[in-house]
Every structure is written in C-alpha cells, then in structure tokens.
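The next block holds one structure in the form of structure tokens; read it before the comments.
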Amino acid sequence: MGDVSTVEEVGRDTLHRMLYYMKLHRAYEDRIEVVYRQGKLAGPVFVGRGQEAVGVGSAIQLGKDDFIFPSHRDLGAFFIRGMTPEAVSLQYFGRRDGPMRGRDGNTHMGDWSLNIGIFVSQMADTVPVAAGVAFALKQRGQNNIVLCYNGDGATSRGDWHEGLNLAAIMQLPVVYFCVNNQYAYSTPVDKQMAVECVAERASGYGMPVDTVDGNDVLAVYASAKAAIERARSGAGPSFIECVTYRMTGHGSHDDARYVPEQFFEEGRERDPIPRLIAALQAHDMVTAAEIAHMDARITLEVEDAMQKGEEGALPEGPEALTGVYAE
Amino acid sequence: MGDVSTVEEVGRDTLHRMLYYMKLHRAYEDRIEVVYRQGKLAGPVFVGRGQEAVGVGSAIQLGKDDFIFPSHRDLGAFFIRGMTPEAVSLQYFGRRDGPMRGRDGNTHMGDWSLNIGIFVSQMADTVPVAAGVAFALKQRGQNNIVLCYNGDGATSRGDWHEGLNLAAIMQLPVVYFCVNNQYAYSTPVDKQMAVECVAERASGYGMPVDTVDGNDVLAVYASAKAAIERARSGAGPSFIECVTYRMTGHGSHDDARYVPEQFFEEGRERDPIPRLIAALQAHDMVTAAEIAHMDARITLEVEDAMQKGEEGALPEGPEALTGVYAE
Amino acid sequence: MITYLEAISQALREEMRRDSDVFLLGEDIGNFGGAFKVTEGFLEEFGAERVIDTPIAEAGFTGMAVGAAMMGMRPVVEYQFSDFMSCAFDQITNFAAKTHYRFGVPVPVVFRAPTGGGFNGGPFHSGCLESYFVHTAGLKIVAPATVYDAKGLLKAAIRDNNPVLYLEHKHLYRRVKAELNGDDYVVPIGEAAVRTEGDRLTVLTYGAMLHVCLDALESIPGADGAVEVIDLRTLVPVDRETVLASVKKTGKVLIVHEAAKTGGFAGELAAIIADEAFEFLDGPIRRVTAPDIPVPFSPPLEDFYLPGVDDVAAAARQLLEF
Amino acid sequence: MITYLEAISQALREEMRRDSDVFLLGEDIGNFGGAFKVTEGFLEEFGAERVIDTPIAEAGFTGMAVGAAMMGMRPVVEYQFSDFMSCAFDQITNFAAKTHYRFGVPVPVVFRAPTGGGFNGGPFHSGCLESYFVHTAGLKIVAPATVYDAKGLLKAAIRDNNPVLYLEHKHLYRRVKAELNGDDYVVPIGEAAVRTEGDRLTVLTYGAMLHVCLDALESIPGADGAVEVIDLRTLVPVDRETVLASVKKTGKVLIVHEAAKTGGFAGELAAIIADEAFEFLDGPIRRVTAPDIPVPFSPPLEDFYLPGVDDVAAAARQLLEF
Ligand SMILES: Cc1ncc(C[n+]2csc(CCOP(=O)(O)OP(=O)(O)O)c2C)c(N)n1
Ligand SMILES: Cc1ncc(C[n+]2csc(CCOP(=O)(O)OP(=O)(O)O)c2C)c(N)n1
Ligand SMILES: [Mg+2]
Ligand SMILES: [Mg+2]
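Chains as they are written, first to last, in the numbering used here: chain P, 1 to 327; chain A, 328 to 654; chain L, 655 to 976; chain Y, 977 to 1298.
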C-alpha cells in the first residue's frame, strides 16, 4: 500500500491546489511565529512546519459534506475546509470574531459550519468523538466520511485504543491518521512504545493499516484515497501512519535542544514543498512564474490576515458568561 | 509456543497439586453457589467454573515472593497463594475476619501478606497497577515477577492499552493473562473486537504473545513457564491469551439465556479437570483411590470453610469508620 | 401500577418512537436488556442500530455519544453502574460539558447513571457520584425520586439540548410504584417539588433519600405542618427560588443526601442559603449524609453507612427544638 | 531568594537524596526537565530509573505509581497540567484512594498538579480541579501559597503514607520569592496558617488567591487588625479548629477561591461554618470565586473570569459594613 500516486493521476489542478495550501500553511506559520515573538499573542503557537503534506494530501480529497478532526498541527487542512487565514488570526489574537470567539486559543479551534470538528487538549479524545460523527453519518445513510488526525503521542492514550476499537467493530466511515512527527513534546517515539512504528500498534484493531512517507504529499494522497474510498463504500475505517518531521520545538517556547541536528537535516532534505515542486517541474506542470505568483498571493493573504487579526476587536469580559448551555 | 508440557516434565507432584487446586476451586464454587441460593450471602457470586486451568496452571509456578493480581474468576490462584477456603468464605459472608474485613465482597479480595493483589471493579485497572508492582521489583533488583489476569472484556479498556504499553517500554517482569472465556457479561468476543482473538489485539505492544487452550492445564503451564522464565531473566513482559469457556452466567443472578447450548457442550467436552485426570491416568500417575481421597479431603475442607464462614462474626457498624487513611 | 424502573423504560421507549435520532448505547443493553433490564425488549423493537451493545470502553462510547450528539442525534448512554463513569470522566467533563461553550455546537446527550447503595454492592457498585459533576459548568444533573419524575425528567433530559446526567437510583428501581397513565409529559429541568408543606423546618433532599426523609416525618411529633420536605429533582441548575422561599419561611434547614459529606452537594446548598437567606436563619444548617468513607459491603457496615430514618428524624427534632 | 518553583524542586531533590524509594514519573520530566522545568537536572543526578519519562498515558502511569507505592516506594507523579488528571480520575479516586481502606495497604504516592490560570492557557490548561477530589475519602489535598509551604508541604506529602494531591499553582511558580535556608523541614498536613490577624472578618483562601486577598487588604480602609486572612494550606483534612476559632471571633466570613463557584470547596467550608459556628455569625457567608464557566482564553475574558483584588475588596468591605 501507500504507493505514490503519479502526478498524472492527481492532475495539474489538484496538484496546484495542494502546493498552494502547503505553502499557505507554511507561510502563515512562519508569520505567526514572528507575531508571537513580537509579544503580540497571549497564548502559545503550535506549528506543523514540515508536516504540511499530511493534512493537505488527505483533506484535499474531501467533499463539502465530509468532516475532519484535525490535530493541532494540521493548519493546511483547516484552510482547505474553508477556514480563512483571517479567521485563524482572529483566533490566535483571541478576538471576538474568531471561530472560538476568544474562548479558546491557537489551533484549539474548529468551525462546524465548515464541518471542522474541534479537539480538547486531552490528546486522543477526538478519536471516539470522530467515530461518533461517523456513526451519525452511517446511521443517516449519508455516504460522507470523517478524517481524524492525531499525533504519535496521542496513540499511547486509552481513548485512542477504545475509539479505534469502536470504529472497527461498528465499521464506521472514518479514516484515522497518525501524524507521526517522531516526538511527543520532548519524548521520542522509541520512548513511547516498544514497537518500530505506530502502524504496528494499530494492527490489532481489525482495520487496514498503512505507513507512508508523510513528507511526500503524493504518497499521502494515494494512501488517503484508498482509505477514503473504502470508508465511503461502507467497508469501514482505516488507519494511516504518516511519518514526518517536527521541524520546530513542541511549541513556540521550546528550542528543541533535545532534538539531534541530524533529525532536522533529514527533515530539511525531505521538505514536502520543494519535493512537490520538483515533481511538478519534472512534468512541466508548473512554471517559475506561476510559483512566484502563488508566493506573492500568499504573502498578501497572510499579511492581510495578520492585520485583520490584530485589528479585530477583543471580547469584553462579561461576554464570557454566555453560552455555557444551549437553548 | 504454547505447546503442551509433557506429563513427565511437570512431574507427578506438581500435577497432583494442580489437580487438587482445580478440584478445590470447582468444589468451593459449586458449594458457594448453593449457599447463595439459600439466601445466605448479601452479595453476588462470580465463579470460574470450567476456567480453573488458567489460574492454576500459571500460579502453581510462582515462588513465595512473586505476586499475582487475579481476576474475579481465578479462585484457584488465590488458594495456591495460600488464601484458605475459610478466608474466602469469611469474605463471601462479609465477616469481620475476612481478608477485606467485610469492606468488600466476593472475589474483590486480596491479601498482601500472601502477595495477592486486589482489583477494583473497574475492569483492567490492575493492568498498570501490576506493572507498578513489577517496576518496584525490578527497581529493587529482586528477581521476582508479577502475574496479572484479566478477562477478554477488560482488554477493550484504555487502562489495558496504557498498562501493557508501559510494561513493554520499561521491560517489566510481569506476565499478562487474558482469561478469554469468550464473553463479557452477555457480550460475545466478536462484539467486543473486530479481530479473531485477543492475542491479535495484544500484538501491537512489543511483547511476546501466545494463545493457548485455557482448558488444558498443561498447555497453560507450558506457556506460562516460558513467559515466567522470560520475565525472571529480565527480558520483559509477555501476554498469554487462554481461551476458555464461562460455564455459567456472568454472575449468580444471570441464567445465561443468551449463550447457545452448543457453547456449554463444547465447554463440557473440554472440561479441564477430567482432561488432567485422563492425562495422569494415561501415565499411571494417579489411582482411583488417590482421586477419591482428594475429593473426600476437599469436601471436608469446603464444608469446614462454609461453616466457619457462616459462623464468623459480622463487623459492627461503627467499625466502618476506621482505616480510610494510613498512619 | 408501574415501578420507577418501568417508568424509565417507558420514557426511553416513547422517546425512541417519537424521535428516530434517539438511540441507546452501553454494555449489555441489547441482547441482555441491560444489567437492570431497563431496556428489555428494546433490541427487538428498535434494532441493533439504535440499541447498541458496546465493549467495556466507557471513555470510548461516551466520546462516541458526544460525536453523534454534535451531529444532532440524541444518544442515551447507559453506564452499567454510575461508578464506572469515573472511567469516562475526561470525556464527560471536557468534551461533553465544554463543547457548546467553546464551539457553539449543542451536545444533546443523556448519561444514565444507576446510582446509590442499599443492596450490598460494595465500594464500586453503590456510588453517588453527583458531586464529581456539579462543579462542571455545561452539564445539567437531575435525580428523580418518584415514578412520575423518573419518566418526566428522562423525557426532559432527552429533549434537552445539553448533556444531562440522569441519576437513577437503583434502590428505587422496584421499590417505588405508582399509576402512570401512558401520557407523554415532561418534568421541567430546574424545578424542585415541595413534598410536604411546613413552616418550621426545611428539609432539602433528592433521590432515594426523599423516601427516608418522608418516613422520618412519621417519627417526629408535630412534624405535620411544621416540616417542609423539598425534593430538589434537579441539582444543576438547582431551583434556588423554591429553596430560598422555603428557608425564608421556616428559618431552619436540614440537608440530606446519600453521598459522603465532605465536598457533597449539601455544601453548595448550605453556601447558597448562608449567603442569600442568612437573615432568615434561626438555627444552624445541618447535614445528614454518609460518612467520608468508601461504601462498605457487609450489611452492618452498609446499614451504618447509609443515612437512615433515625438519623434524619434525630437531626430534624434537634433543629425543631433549637 | 528562591522562587516557589525552585522550592518545589528543592523539596523533590532533597527527598530523593534522602530516600532511594522516592522516584518521579510523568511526561517530559527527564530529558526536558518538565514542562515548567521543575525537574531540570534531575535526570543527570538521579538517572533514568528514578526520573521516568512516560508516554501520554495518565491513567497508566498513575496506576503504575499506585502499584509501586503499594510496594513501599514513594512515587511522585507529575501531571503536565492538572487538567490532565481528568484522564486518570478513575485510578486516582478508585485505586489510589480506596486501597488502604479496603485492603489495609498504604499507598504513599504524591500527585503533583500544576494548577490554575492567569497566563491565558485556556479551558484545558488553567483548571483548579480540587473540587473533583475533595469528595473522595482516602485522598489528602494540599495547596501551598508560599515558597516556604511549597517546600514544606511537598516534603510532608512525600513522607505521608497516603495518596496526596499536591496543588502547585502555576501563577506562583516564578512570581513569589523568599529566602529559604536549605533546611530540611516539613509543613504538617492539616494545619492552616493565619496570615493576618483581625477580629471583624475572616477570609478563608488558599493557593494563588492568598496573594489576591492580601493585596485586597491594602484597599480596605481599616482592614488592619480587622481582617483575619487564613491560608488553609491543606484542603483535606481541613483545619476546622483554626477556621472555626477565627469565625467565632470575627462573626463574618468571606471565602475566596479561584475554582468555579458551584460545587467548589467554598461550599464545604460554608456548610461547616453554618453548622458549627452558626451562633457566632453576624452576617452572611460570602463567596468570591470564578463564575460557572470553562476558563476562557482571551485576556479580557480570563481577566474577567479570575477573582481579582477588586472583587475581594468589594466583598470584604460589604461584609465589614454589614
Ligand atoms: C492527556 C494529555 N496529556 C498531556 C498533554 C500535554 N501535551 C500537549 S501536546 C503533547 C505532546 C503531543 O504529542 P503528539 O501526540 O505526538 O502530537 P505532536 O505535538 O507531536 O503533534 C503533550 C504531552 C495533553 N495535551 N493531553
Ligand atoms: C469499567 C467497567 N465497566 C463495566 C463493568 C461491569 N462489568 C463487570 S464484569 C463485566 C464483564 C467483564 O468481562 P470480562 O472482562 O471478559 O471478564 P469475565 O467476567 O468474562 O471473566 C462488566 C461489563 C466493570 N466492572 N467495569
Ligand atoms: Mg508527535
Ligand atoms: Mg470474559
């Protein structure tokens, strides 16, 4: 499994969109880190630099009525679902008009009108929740599906085990991704489990398991495509481990002292964005001008988003009291 | 793995002890069910009828300073560790001098002076706790080990996942048994998991996994022997699934309507006690007289235990207030 | 005459017939009809898609219910014993309770919690866990004491757009009976019921303890017309108006619950009263509760543990004489 | 001068040097020195057997700690944020808390819970979870507010033969400083400290709110000698004597905690006082707490959420004038 899709298969248009979203993800986070260092943000920043191919190569394949539960490093997937860079900035700046209205910060966000679920900080809690969403879709005979993303660290939690098992027993239309960036905070995968890879751990649930190069958007695309078709066809859940590299510390406060330089070098060599560009160029599917134009557009979008985010109004204290309960 | 030990290997003496404990387990539970039906017990009864080989074939191999965390159906293992039938009766009758002093009932018991741990009702909670006991043994350089037993149902819980993983990462001297009696209350294994057997589920943790006929005490003995040696040698944990038959309802209140008669027939055919006797007889290792003598002795022991249990003094209400905190 | 347990079944069955989004999940609720037989026959009527036997995975099936509820379905989760909610504590308090506040998406899920002691269930089958959840904004908590309320509050809980913890007391399952014409009605969440009127002492209670309190009145000379027993019915949001109005009338308060004392719900009630009705108090606020120990198994120990008629009567007499 | 955080590290280091049975486990505490750097340098000094980096498995490593404690070891568990204790709720309340009562075996484990808000951590990194645990018999709960107590209470907790929940307030980590000669001392569990003496109002508080209360005194005319601020230091078992003695002297009570109001620990205190010191009360028992909502992220929302100097001062003035 996990064999790479050919550039032809995927097609120029989708490839360009993937390149755009990966670049937008990267550019947005490069910029928000600067904003953070300028002391303009109340909370921390968590980025998915170097991991963009995972969310983008999978979420790009969804239809309007499908659902995702991204992890805290899958910003590209938020963008693909239609969350705007401006909305993300309003979120980071804790503004009233952000998706969480200032009630939660950074990538602790979602937008149900865009079928983007939320997560709680407690790692892996979304695994059974996503199964519940998939259950509702199945129950109602919609042939929509759910993509749920978690890190390698999350797979050590009981909720991950219980959720995967339930999805498998009930044959639910959900695809679970492990964004294996090889670290949980400072803890490398080999201290989190006694097996070689997360996929081994996932092999005991009765669903197809795949491991792919998470820095190769075409590999992610191919594996996700098979799993999505399977889910849509009613054949049940799948698990896909995307091996990637966390190219920063855990959060904006973490200098990643504990990560060997070697690791970052590997990650840089495998950077998913240049790799996609190279593939496109090899097939004459993109010109330098097109890329320059894309970059220029993204720069403007990100700048605009940061400005709107910073200008957005903060909520007023007493607004905190509303909405604990639904009508 | 899991190949049957030869009768010679195990030896007459140990075989007789195993037969004795399996019979004692069986006889005790047959009797306590009668006592229950007579309305003499405040709480329910959970029996391991037909499952005796699992606890007996494994716990028989432990040394004095090893530990066990039995499940609620491994009464034979309690006896092997030195808990007396009288103590068990005092427990069932809720008496002051029972191992839990009337504070908990039925097989919710243990005796730390005998290195028998307790469980809380929450299934699988003992999995990480047993790992912690094993951790202490390892830390202190004792070459003792821990055996921890849980049902098939318990393996669906997050604590089972987290505990197995920790034991594997830390290479702890513990052997985990799954007493797979094919039901969790009324729920058959195929509704609990989408894989064929619990062993598949255990294969993702990086420890050796074995599946044995849990109704063949020699098979249990052989598999446990290998795992115990492994643990003692410092090579880390193992997992052993013992496939057996729950020959009753879940508890004394449950008529097991939902279990196909076929299942009970199979269980009867595979009854571990006659099988061990046959093996012994095939090697002229036991005489009818010896068996008759063993049965007679057990009858007396069980009767005596029931009487002492019934005669034992109940605690007085205010005694409930002591011992919430240690000095 | 139907039992408290049958009232629960009736409410579930009627709501499932009324609304195809209502479904049930939990351990042994299908084939077996539930550990207490609340869902007996449901599998046959509603099928395996709506009466789901789960593995032993409280966190997992709670999370699943939350996800389905976010989609507008109305799951009713049965925990085999309320004690096992401890295994789903994170999903209940963090995902179910906080999602509407953060995300604006309703989570209409009901958590059915078979609660309480009185049958020698021991430390892990007898719990009254309400105090673990009253502190979590976003949850509603109801605790019916009567057959009528068992049905009406469950219907209200199922129709509510928030996570509702429904505390059904095991001791009442087959002990309380009443006539219920098969009517479709709800008991609104948030309204207490005055069970006896009185002007000298307010007794605040809920669940099985209501019956202990009512029995206690028998042994209190002159209780008639003097002791006002209020059945809270809902713990969150608690009916402050009814509670405060009664206290302002009587000036004396006894709070009775089965849960252990320290950190129990009585504390919250005492705090509300000692703040908002202080000027009306003519005596100390007293609590009759279980002691601060796990629920012991052996009959004499559990009998001692559970607040009884005598404990309530003694405390009430004291306060009346104060 | 050392910080509250350094005092915690000191206590841990000294106890680990003193007793080889003491060991630490939690996420990122070894290599990384802990999310807040409490255990910086510990891996180097004590080695990987005693400073254990765990996977993300709160239930699992809590259960492991309980098992090791049953063997007589003295594990100190670090939860990266106290909020994540919700994932270990079952192991803490059922296994750790109830084992000595049922089984007679001590469980000397310490649960270090980085607690509280004030740094825009949002709903899952700012929690004050004490109320979830005060109701569970078998646990002790301490909440140091000063550098001295941070060290002395942690040593007491480690040497105690029971599971002790140690609430270390993140907001105090680097904000409070004091001279500590490297002495080896314990602050006994169960003893409150009177921080200011007064005869007209008792203020009961703990943790970071102690400092808010002390600051509030500044803005209360005539607070000096009038307001008695009591730092509870231990929540379970609470120091009833000190609390009741003060209330009997002042007749007025203000209870301040950072946790949300409903079901918060203030309720328990109010209930104790309204029962045992009722005759001495000259005014309502007031609570200043956070509102009943999740902890919001955005600065203006969190500022509004957290009880502040003005809230405390206003409530205190009101009571003094009552
Ligand atoms: C239950 C729980 N425990 C601890 C934490 C603190 N924490 C936040 S992120 C993180 C590491 C997560 O690692 P991983 O799942 O691999 O995701 P990544 O950050 O690497 O994308 C930890 C330990 C948490 N969020 N939830
Ligand atoms: C967390 C939890 N949920 C539910 C229960 C109720 N319960 C008690 S035993 C049992 C079935 C256990 O099945 P299994 O683990 O296979 O053990 P067996 O009884 O078959 O030996 C259930 C559901 C429980 N004890 N713990
Ligand atoms: Mg990771
Ligand atoms: Mg079973």
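Ideal Cβ positions, reconstructed from N, Cα and C, are used throughout, including at glycine.
Closer than 7 Å: residue i CB and nearest ligand 3 heavy atom
| i | result |
| --- | --- |
| A/N492 | no |
| P/R49 | no |
Local conformation of residue i per DSSP, three classes
| i | result |
| --- | --- |
| P/N165 | helix |
| P/C148 | strand |
| P/H253 | coil |
| A/Y548 | helix |
| P/F69 | strand |
| Y/K1116 | strand |
| L/T708 | coil |
| A/V506 | strand |
| L/P945 | coil |
| Y/C1189 | helix |
| L/E703 | coil |
| A/C569 | strand |
| P/T248 | coil |
| L/T800 | coil |
| L/E845 | coil |
| P/G2 | Residue placement at P/G2 cannot be trusted, given a pLDDT of 47 that sits under 50; the coordinates are not used to answer. |
Cβ-heavy atom distance, residue i to ligand 2, below 7 Å
| i | result |
| --- | --- |
| L/E712 | yes |
| A/Q449 | yes |
| A/H577 | yes |
Neighbour list for residue i in chain A, Cβ cutoff strictly below 7 Å
| i | result |
| --- | --- |
| L/Y959 | A647 |
Any non-hydrogen atom of ligand 4 closer than 7 Å to residue i Cβ
| i | result |
| --- | --- |
| A/D479 | yes |
| A/R484 | no |
| A/R528 | no |
| A/R573 | yes |
Partner residues on chain P for residue i, Cβ-Cβ distance less than 7 Å
| i | result |
| --- | --- |
| A/A495 | A194 |
| A/N492 | S156, M193 |
Residue i Cβ short of 7 Å to ligand 1 heavy atom set
| i | result |
| --- | --- |
| Y/Q1056 | yes |
| P/A184 | yes |
| Y/F1060 | yes |
| P/N181 | yes |
| P/H72 | yes |
Contacts of residue i in chain Y (Cβ-Cβ under 8 Å)
| i | result |
| --- | --- |
| A/D486 | A1035, G1036, G1039, D1066, Q1067 |
Chain L contact residues for residue i, given Cβ-Cβ distances below 9 Å
| i | result |
| --- | --- |
| Y/A1169 | By Cβ distance, chain L contributes nothing, its closest Cβ being about 21 Å from Y/A1169, past 9 Å. |
Residue i: contacting residues in chain A (beta-carbon distance under 9 Å)
| i | result |
| --- | --- |
| Y/G1166 | What Y/G1166 touches in chain A: nothing, since even the nearest Cβ is about 11 Å away. |
| P/E162 | S483, R484, G485, H488 |
Per-residue contacts from residue i into chain L (C-beta, under 8 Å)
| i | result |
| --- | --- |
| P/R103 | Y755, R756 |
Within chain P, partners of residue i - CB distance below 8 Å
| i | result |
| --- | --- |
| Y/P1275 | A42, G94, L314 |
Can you list, in chain order, the stretches of the beta strand (DSSP E) that have 3 or more residues and sit fully within the region 1199–1251 of chain Y? For the region 1199–1251 of chain Y, whole beta strand (DSSP E) runs of length 3 or above, ordered along the chain, are 1201–1207, 1210–1212, 1229–1236.
For the region 1050–1078 of chain Y, which residues have a CB atom closer than 7 Å to at least one CB atom of chain L, in sequence order? Those residues of the region 1050–1078 of chain Y that come within reach of chain L (Cβ to Cβ, closer than 7 Å) are S1062, C1063, F1065, D1066, T1069, N1070, K1074, Y1077, R1078.
Selection of the region 1260–1273 of chain Y by Cβ proximity to chain L, strictly under 7 Å: Going along the region 1260–1273 of chain Y in chain order, one finds P1260, I1261, R1262, R1263, D1268, I1269, P1270 with a Cβ nearer than 7 Å to chain L.
Mind listing which residues of the region 997–1029 of chain Y have their C-beta closer than 7 Å to chain P's C-betas, in chain order? Taking 7 Å as the Cβ-Cβ cut-off against chain P, the residues of the region 997–1029 of chain Y that qualify are E1003, D1004, N1007, F1008, D1029.
Please identify, using Cβ separations under 8 Å, the residues of the region 190–212 of chain P that lie next to chain A, in order along the chain. From the region 190–212 of chain P, only K191, Q192, M193, A194, V195, E200, R201, A202, S203, G204, Y205, G206, M207 have a Cβ closer than 8 Å to chain A.
Quick check on the DSSP output: what are the complete beta strand (DSSP E) runs of length 3 or more inside the region 334–415 of chain A, in order along the chain? List check, beta strand (DSSP E) in window: 394–396.
Taking Cβ-Cβ distances below 8 Å as the criterion, which residues of the region 217–240 of chain P are in contact with chain Y? Contact residues of the region 217–240 of chain P toward chain Y are absent (C-beta to C-beta distance below 8 Å).
Beta carbons nearer than 9 Å to chain P: which residues of the region 1096–1113 of chain Y have them? Along the region 1096–1113 of chain Y, going in chain order, the ones with a CB nearer than 9 Å to a CB of chain P are N1096, G1097, G1098, P1099, F1100, H1101.
For the region 409–424 of chain A, which residues have a CB atom closer than 7 Å to at least one CB atom of chain Y, in sequence order? Taking 7 Å as the Cβ-Cβ cut-off, the region 409–424 of chain A has no residue approaching chain Y.
4 or more residues per run - each alpha helix (DSSP H) lying fully within the region 740–794 of chain L: Those alpha helix (DSSP H) runs which fall completely within the region 740–794 of chain L and span 4+ residues are 751–757, 784–787.
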